[in-house]
Amino acid sequence: MRLFWHRRDRRLHDNRGLAAAASDDTVLPVAVRDATVGPPPDSRARAYQAATDAALRDAYRERDSDLLVRSGDPAAILPSLADEYGADAVYWNTAYGRERRTRAQRVADACAAAGIDVGVHVDSVLVAPDALGDDHRSHRAFLDEWEPIEKPDPAPAPDADALAAVDDDAPIPDAAADVDLPEAGHGAARERLDAFVAAGIETYADTRDDLAAAVERPTSAVSRISPYLAAGALGIREAWAAAGDALDAADGDAVRNVEKYRYELTWRERHYHLFAANPGLRTESYRSFDAPIAWRDDADDFSAWTAGETGYPLVDAGMRQLEREGYVHNRPRQVVASFLTKHLLHDWRDGERHFARRLVDYDPASNAAMWQWCASTGTDTVDVRVFDPVAQMDKYDDGAAFVTEYVPELRGVPPDAIVEWPTLDAATRRELAPAYPDPIVERDAAYERARRVFETALGKR
């Protein structure tokens, strides 16, 4: 018998470590949960992971097996369970955060001391990080290395007769959420992926940044599979294969749209490779500076940003979507991150931690990588990139459909006035929407201050 240690892979389908463990022996599935590892204990992502654990347990029980759930130190628990059930090996999938790496090494050492074999597999990416170099500054350079490598097919789910016939009534560590969570589990993940492939992927490039479409058709304008990937309910090979099948079936302009979706999946891949090479990515800037960045870290500014009360309509709509849904569309997600780190000059780490608490689809690799990219402390090849929230709204939400969905104080205001809100005079703003705040920072002055501060840190001033 072998133990399989479920970590961030909460599924039977397309689970490479589980498939390897079940290939020629009986497998006993185990989850060891630790409040000190993973999303914050009071976070929405933690609640969704608990729901996904429950769905995983149900999947095992449907196959006359069970998921053994334990809490504590896996280096003590797994060898003890192996001894109790007569298992001679423990299998798991690699995870790339610093704490998870440390835990896995301690498990490996404890298993070696007890004479227990281990089997470690790469599951969360299509290409193993050690197959490529570790310079990930340019996405194009990353793709030049990554694209020629053959991508594996989805791993098969284990047969029911390969699973240990056990019962376990240990409770799954509970966590509450203050938002409606997506239906959990692989079945729900597969339904969401299939629905997007059927009704959204062939127009994806045209709709992915269209914020009116995001309001009107939220589950076809973009895929919305990120919660399932983040919780481990869906394997990346399944998503890649589904997109590949769509590409094979596409013709005409649909080819461009499907190719764009596959291209966007490569950003997730790069984020994981970046995290593997830089396990401190959540707290340590990837980029080197000649001098420290002169962050302002104003508590009132940060409070206004988290509440969606900055007086910048697209920023506030994005932050209110986050608070209402535990999700932010990718376009405003970049805009709010840029606004915090550039217009307000607030340290990106506070933004990263806030997203970790509020996002249902929180993923440590993608969240840290994108915060650093938006903050110009990460892998962006542009020295100082500043998203202008006025220009971004004019380009992607000129009819104010997205903004007025989440900022009701602006309903009834002409869309062109909403777009230009931060540039209007105070009297006009009071007349149009007296309940909506004035901008907390002047647009052009904040832009110039951000450039000056970052160029100074880079030694260019």
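Plus 24 on top of the position in the sequence shown (first one is 1) and you've got my numbering.
Ideal placement from N, C-alpha and C gives every residue a C-beta, glycine not left out.
Remember, it's a predicted structure, so these values are computed and weren't measured experimentally.
* Asked: Buried or exposed: where does Glu215 fall if 16 or more other Cβ atoms within 10 Å of its Cβ makes it buried?
  -> exposed
* For the 8 Å Cβ check, are there 3 or more pairs between the region 36-44 and the region 255-275? -> yes
* To do: Count the other CB atoms, across all protein chains shown, that sit within 10 Å of the CB of Lys366; report buried if there are 16 or more and exposed otherwise.
  => buried
* Among Asp269, Glu123, Trp319 and Asp340, which residue has its Cα nearest to the Cα of Leu434? -> Asp340
* Asked: When DSSP builds the beta bridges, which residues end up paired with Trp445?
  -> Looking at the DSSP assignment, Trp445 forms no beta bridge with any residue, so it has no partner.
* Would you mind sorting Tyr228 into buried or exposed? The rule is 16 or more other CB atoms within 10 Å of its CB. => buried
* Would Ile173 be called buried (16 or more neighbouring beta carbons within 10 Å of its own) or exposed? -> exposed
* Sequence-distant residues of its chain with Cβ nearer than 8 Å to Ala201 (five each side left out) -> Arg68, Ala71, Tyr72, Gly350 and Val384
* To do: Inspect the beta-carbon positions of Val93 and Ala208 and report whether they are closer than 8 Å.
  => no
* Just checking my contact of Arg232 with Thr405 at CB under 8 Å: how many whole Å lie between their CB atoms? -> Rounded, the Cβ-Cβ distance is 21 Å, inconsistent with contact.
* Indicate the three-state DSSP secondary structure (helix, strand or coil) for Tyr336 in the structure shown. => coil
* Which two residues bound the contiguous alpha helix (DSSP H) that contains Phe426? -> Ala425 to Tyr430
* Straight-line gap, Ala315 to Lys484 (C-alpha atoms, nearest Å) -> 11 Å
* To do: Please say whether Val56 and Leu42 have beta carbons closer to each other than 8 Å?
  => no
* Tell me where the alpha helix (DSSP H) around Tyr228 begins and ends. => Tyr228 to Thr231
* Let me know if Thr447 comes out buried or exposed under the rule of 16 or more other beta-carbons within 10 Å of its beta-carbon. => exposed
* Would the region 298-313 and the region 420-434 be scored as touching if the rule is three or more Cβ pairs under 8 Å? -> no
* Asked: Which residue's Cα is closest to the Cα of Ala267: Ala255, Pro53, His295 and Glu283?
  -> Glu283
* Beta-carbon gap between Leu368 and Arg311 smaller than 8 Å -> no
* **Those residues which DSSP pairs with Tyr115 across a bridge** => Phe28 and Gly143
* Okay, do the region 136-153 and the region 288-299 touch, 3+ Cβ pairs below 8 Å being the bar? -> yes
* **Neighbour-count burial assignment, Gln129, 16 or more Cβ in a 10 Å radius** => exposed
* State the start and end residues of the unbroken beta strand (DSSP E) segment that holds Ala488. => Missing from the structure shown is residue 488; the chain here goes from 25 to 485 and no further.
* Asked: Is the CB-CB distance between Ser244 and Gly224 below 8 Å?
  -> yes
* To do: In angstroms with no decimal places, state the Cα-to-Cα distance between Ala113 and Gly157.
  => 31 Å
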